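**Student:** Numbering (the numbering used here), first residue to last: 2 to 605.
Glycine residues also receive a C-beta, built at the ideal position from the N, C-alpha and C atoms.
Here the structure is a predicted model, which is why all the values come from computation and not from measurement.
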């Protein structure tokens, strides 16, 4: 039975972990900052980093880019496993079967194996309110901006790859399949008042449900060989009568908050902006952000029905298998969690200042503290199940599915990321044909591993990581373009700290009493196992802003307690009549003057 159903059962319990955005970042500019963008969130990829930041975008914005990279992870030597696929971990002489296991989980040479990364990163932001609804009864909405955003990562090779892992065979748990899983983050950001932004969104995922019906016919026959010994021939023929797989969409929530203290203070008309003060210069560049991303896991439910038919022949007697089992074998697997990524929360702060002639230079520093709840990490393989099927003879057939290796026992971690950028405005002017700004970026991060020392049966391999990033950007405004264009280049290098773990001596013992040591599957014959390696990516992207050429006259965005204040180029409405002012009588139809003719157009 296991020969028939195991491949299909395992195919339903595939696992992968955090995506390319979680590992490296989303967007060329953000990646160059070391992905420390929670308090910045000033492009369409705020839908991923902090949905509240979307409301900072006043005009439609589109960003597109590509990312490529390589993972160079160290493989493993002399690992005990069934090298000849005979179902045994030892050879005929009692020696353990062992061989190399590649870093990509393949049984191949011990050379470093590449896990290639290639994909597209796309972001979109579209303001719904603000300058789009500034008249009539909707005028009050014009300073309470609501922006829709979308952040997407799409692998070029495949939309999603699913691969089964055996937790006893060494593999890098943080890098399995993560380069081959698409990511989609729709979100909405709202500006509640000056300096106060909130946002909410989701991660798109799927929930598969499978129904499988298998018919098998087994023939077992005993016959004497040339040496006079009895040999048994087993022939199994199987057919999949029915295979139905449904993919239902599901969402995991994201939300965020962003606060800009200087912008908030200007909402009060009684506050005098201290022009030229250094502390105010810093405060104008300061923002505080918080974001939460829910866990991302695909729950799979599978119902497997196996119809066992066939015949067993011994000493001239034939027994039909269908007469042994009282009913078909029914296996129900519920809530198999695959593609799991735990929930995480991030607190970020950004600050900086302008300096130089006409304040045309800007220095910015960002810092993120990211807590990932890896203790919620669930089983990565088919859950261990043991069931009995009653036979007509009064006995029972025992079926075992999955591996009973215990919970992973991962630990929660706090990742620290920081970034800095220096921008130079070379013209000091605004508008088409005048904008020309260059930006240089850098970043560093430390990502501790959630995986405890693997001294027991399992071999989840991982190490602490040091992350170094760099990038450069160019902003310009062609006269024929509807808005400024940003071209950004980013790169990132991650180094895994070499980690060596001694395996428990209890994994080697003489379990059958034959005098030869027996080794657990996945045991390294050296008695220790080492993880090490590096990762790198490079990304190039372009961002396009629209609506600048046809924008409405600038307005003074002051709301909060005092409502919307008209801009200087808009006339104030007449004040209400005071106690000493006698309002004039409204004109009657007879006395209503005819409208004056329109003035002749003036030459510009």
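Is the beta carbon of residue 198 less than 8 Å from the beta carbon of residue 53?
**Tutor:** Residue numbering aside, residue 198 sits at position 197 when the chain shown is read from its first letter. Residue numbering aside, residue 53 sits at position 52 when the chain shown is read from its first letter. Result yes, Cβ atoms of residue 198 and residue 53 sit closer than 8 Å.
**Student:** On the DSSP bridge assignment, give the partners of residue 279 in chain order.
**Tutor:** Taking the chain shown and counting its residues from 1, one reaches residue 279 at position 278. Note: residue 279 sits in no beta bridge, so no partner.
**Student:** Rounded to whole angstroms, what's the CA-CA distance from residue 93 to residue 176? Just pull it up for me.
**Tutor:** Taking the chain shown and counting its residues from 1, one reaches residue 93 at position 92. Taking the chain shown and counting its residues from 1, one reaches residue 176 at position 175. Each residue's alpha carbon lies about 37 Å from the other.
**Student:** Identify whether residue 29 lies in helix, strand or coil by the three-state DSSP scheme.
**Tutor:** Mapped onto the chain shown, residue 29 falls at position 28. In this structure, residue 29 counts as helix in the three-state DSSP scheme.
**Student:** Considering only DSSP beta bridges, list what residue 537 is partnered with.
**Tutor:** Position 536 of the chain shown, counted from the first residue, corresponds to residue 537. In the DSSP output, where bridge partners are listed per residue, residue 537 has 71 and 494.
**Student:** Whose CA, out of 416, 103, 462 and 547, lies closest to the CA of residue 481?
**Tutor:** The residue labelled residue 481 in the question sits at position 480 within the chain shown. Proximity to residue 481 across 416, 103, 462 and 547 peaks at 547, based on C-alpha coordinates.
**Student:** Taking the straight line between their C-alpha atoms, what separation do you get for residue 415 and residue 210?
**Tutor:** The sequence position of residue 415 within the chain shown is 414, counting from 1. The sequence position of residue 210 within the chain shown is 209, counting from 1. Looking at the two C-alpha atoms, the distance is approximately 35 Å.
**Student:** Quick check on the burial criterion: 16 or more other C-beta atoms within 10 angstroms. Buried or exposed for residue 491?
**Tutor:** In the chain shown, counting from the first residue as 1, residue 491 sits at position 490. Looking at its Cβ environment, which holds 16 or more other Cβ atoms inside 10 Å, residue 491 is buried.
**Student:** Please report the distance separating the alpha-carbon of residue 542 from that of residue 356.
**Tutor:** If you number the chain shown from 1, residue 542 lands on position 541. If you number the chain shown from 1, residue 356 lands on position 355. When rounded, the distance between both Cα atoms is 28 Å.
**Student:** Would you kindly work out how many angstroms separate the C-alpha atoms of residue 550 and residue 33, rounded to a whole number?
**Tutor:** On the chain shown, residue 550 is found 549 positions in, with the first residue counted as 1. On the chain shown, residue 33 is found 32 positions in, with the first residue counted as 1. For residue 550, the predicted model reports a pLDDT of 45, less than 50, meaning its position is unreliable; a value from the coordinates is still stated below. Each residue's Cα considered, the two are about 30 Å apart.
**Student:** Does DSSP classify residue 557 as helix, strand or coil?
**Tutor:** Locating residue 557 in the chain shown gives position 556, where the first residue counts as 1. The pLDDT assigned to residue 557 is 41, lower than 50, so where the model puts this residue is not dependable; a value taken from the coordinates is nonetheless given after this. In the structure shown, residue 557 sits in coil (DSSP, three-state: anything other than H, G, I, E or B).
**Student:** List the whole-angstrom C-beta distance separating residue 152 from residue 61, where the pair is believed to meet the contact cut-off of C-beta under 8 Å.
**Tutor:** Taking the chain shown and counting its residues from 1, one reaches residue 152 at position 151. Taking the chain shown and counting its residues from 1, one reaches residue 61 at position 60. With a Cβ gap of about 15 Å, residue 152 and residue 61 do not count as contacting.
**Student:** In angstroms, rounded to a whole number, what distance separates the CA positions of residue 293 and residue 372?
**Tutor:** As a position in the chain shown, residue 293 is number 292, starting the count at 1. As a position in the chain shown, residue 372 is number 371, starting the count at 1. Distance between the alpha carbons of residue 293 and residue 372 is about 10 Å.
**Student:** Quick one, which of 49, 81, 102 and 410 has its alpha-carbon nearest residue 256's?
**Tutor:** The residue you call residue 256 lines up with position 255 of the chain shown. Closest by alpha carbon: 49.
**Student:** Pull up the CB-CB distance for residue 349 and residue 264, whole angstroms please, since I reckon it's below 8 Å.
**Tutor:** Numbered from 1 along the chain shown, position 348 holds the residue referred to as residue 349. Numbered from 1 along the chain shown, position 263 holds the residue referred to as residue 264. Incorrect: roughly 17 Å between the Cβ atoms, too far for contact.
**Student:** What residue range is occupied by the uninterrupted beta strand (DSSP E) comprising residue 127?
**Tutor:** On the chain shown, position 126 is the one that residue 127 refers to. Unbroken beta strand (DSSP E) run through residue 127: 118 to 128.
**Student:** In whole angstroms, give me the CA-to-CA distance for residue 214 and residue 527.
**Tutor:** Locating residue 214 in the chain shown gives position 213, where the first residue counts as 1. Locating residue 527 in the chain shown gives position 526, where the first residue counts as 1. Going from the Cα of residue 214 to the Cα of residue 527 covers about 44 Å.
**Student:** In the structure shown, what three-state DSSP assignment does residue 359 receive?
**Tutor:** For the purposes of this step, residue 359 is taken as residue 358 along the chain shown, with counting starting at 1. DSSP places residue 359 in helix when its eight states are reduced to three.
**Student:** Do you know how far the Cα of residue 359 is from the Cα of residue 422?
**Tutor:** Here the question's residue 422 lines up with position 421 in the chain shown. Here the question's residue 359 lines up with position 358 in the chain shown. The straight-line gap from Cα to Cα measures roughly 19 Å.
**Student:** Looking at the secondary structure, which residues open and close the beta strand (DSSP E) in which residue 266 lies?
**Tutor:** Taking the first residue of the chain shown as 1, we reach residue 266 at position 265. Residue 266 -> not in any beta strand (DSSP E); alpha helix (DSSP H) instead, spanning 262 to 266.
**Student:** Throw me the rounded Cβ distance for the residue 259 and residue 38 pair, which I believe falls under 8 Å.
**Tutor:** On the chain shown, position 258 is the one that residue 259 refers to. On the chain shown, position 37 is the one that residue 38 refers to. With a Cβ gap of about 11 Å, residue 259 and residue 38 do not count as contacting.
**Student:** Among residues of its own chain, excluding the 5 on either side of residue 361, which ones have a beta-carbon nearer than 8 Å to its beta-carbon?
**Tutor:** Residue numbering aside, residue 361 sits at position 360 when the chain shown is read from its first letter. Within the same chain, residue 361 has close Cβ partners 355, 425, 426, 427 and 429.
**Student:** Give every residue of the same chain whose Cβ lies closer than 6 Å to the Cβ of residue 184, excluding the five residues on either side of it in the sequence, and list them in chain order.
**Tutor:** The residue given as residue 184 occupies position 183 in the chain shown. Within the same chain, residue 184 has close Cβ partners 20, 22 and 154.
**Student:** Return the first residue and the last residue of the beta strand (DSSP E) that residue 174 is part of.
**Tutor:** In the chain shown, residue 174 corresponds to position 173, counting from 1. Counting along the chain, residue 174 falls outside any beta strand (DSSP E), and DSSP gives it neither H nor E.
**Student:** Residues in its own chain within less than 8 Å of residue 511 by CB, not counting five upstream and five downstream?
**Tutor:** One-based indexing of the chain shown puts residue 511 at position 510. Here the set comprises 517, 518 and 519.
**Student:** Strictly by DSSP, which residues pair up with residue 187?
**Tutor:** The sequence position of residue 187 within the chain shown is 186, counting from 1. In DSSP, residue 187 forms a bridge with 151.
**Student:** Once you ignore the five residues that flank residue 394 on each side, which residues in its own chain have a CB closer than 6 Å to its CB?
**Tutor:** Walking along the chain shown from the start, residue 394 turns up at place 393. With a pLDDT of 47 at residue 394, under the threshold of 50, the modelled position of this residue cannot be trusted; read the value that follows with caution. Excluding positions up to five away in sequence, the list is empty.
**Student:** Between the C-alpha atoms of residue 71 and residue 30, what's the straight-line distance to the nearest angstrom?
**Tutor:** Sequence index remark: in the chain shown, residue 71 carries index 70 (1-based). Sequence index remark: in the chain shown, residue 30 carries index 29 (1-based). In a straight line, the C-alpha of residue 71 is about 20 Å away from that of residue 30.
**Student:** Grab me the residues of residue 171's own chain with a C-beta within less than 7 Å of its C-beta, minus the 5 sequence neighbours each way, in chain order.
**Tutor:** In the chain shown, residue 171 corresponds to position 170, counting from 1. So the list reads 77, 80, 102, 460, 462, 523 and 530, once near-sequence residues are dropped.
**Student:** Using 10 angstroms around the beta-carbon of residue 276, count the other beta-carbons present and answer buried if the total reaches 16, otherwise exposed.
**Tutor:** Working through the chain shown from its first residue, we reach residue 276 at position 275. It is exposed - the Cβ of residue 276 has fewer than 16 other Cβ atoms within 10 Å.
**Student:** Starting from residue 22, trace the alpha helix (DSSP H) both ways and give me its first and last residue.
**Tutor:** The residue given as residue 22 occupies position 21 in the chain shown. Looking at the DSSP string, the run of the alpha helix (DSSP H) that includes residue 22 is 21 to 24.
**Student:** Out of curiosity, what's the CA-to-CA distance linking residue 126 and residue 55?
**Tutor:** For the purposes of this step, residue 126 is taken as residue 125 along the chain shown, with counting starting at 1. For the purposes of this step, residue 55 is taken as residue 54 along the chain shown, with counting starting at 1. One C-alpha to the other measures close to 7 Å.
**Student:** Can you tell me the Cβ-Cβ gap for residue 418 and residue 35, rounded? I've got them flagged as a contact below 8 Å.
**Tutor:** As a working mapping, residue 418 is identified with position 417 in the chain shown. As a working mapping, residue 35 is identified with position 34 in the chain shown. Going by Cβ atoms, the distance from residue 418 to residue 35 rounds to 5 Å, so yes, they are a contact pair.
**Student:** Mark residue 536 as exposed unless 16 or more other C-beta atoms lie within 10 angstroms of its C-beta, in which case mark it buried.
**Tutor:** As a working mapping, residue 536 is identified with position 535 in the chain shown. Residue 536 is buried by the Cβ-count criterion.
**Student:** Here's a check: name, in chain order, each residue in its chain whose Cβ is nearer than 6 Å to the Cβ of residue 500, leaving out the five neighbours to either side.
**Tutor:** Within the chain shown, numbered from 1, the residue matching residue 500 stands at position 499. Only 464 and 532 meet the Cβ criterion.
**Student:** Reducing DSSP to helix, strand and coil, say where residue 369 ends up.
**Tutor:** Here residue 369 is taken as the residue at index 368 of the chain shown, counted from 1. Of the three classes helix, strand and coil, the one that applies to residue 369 here is strand, per DSSP.
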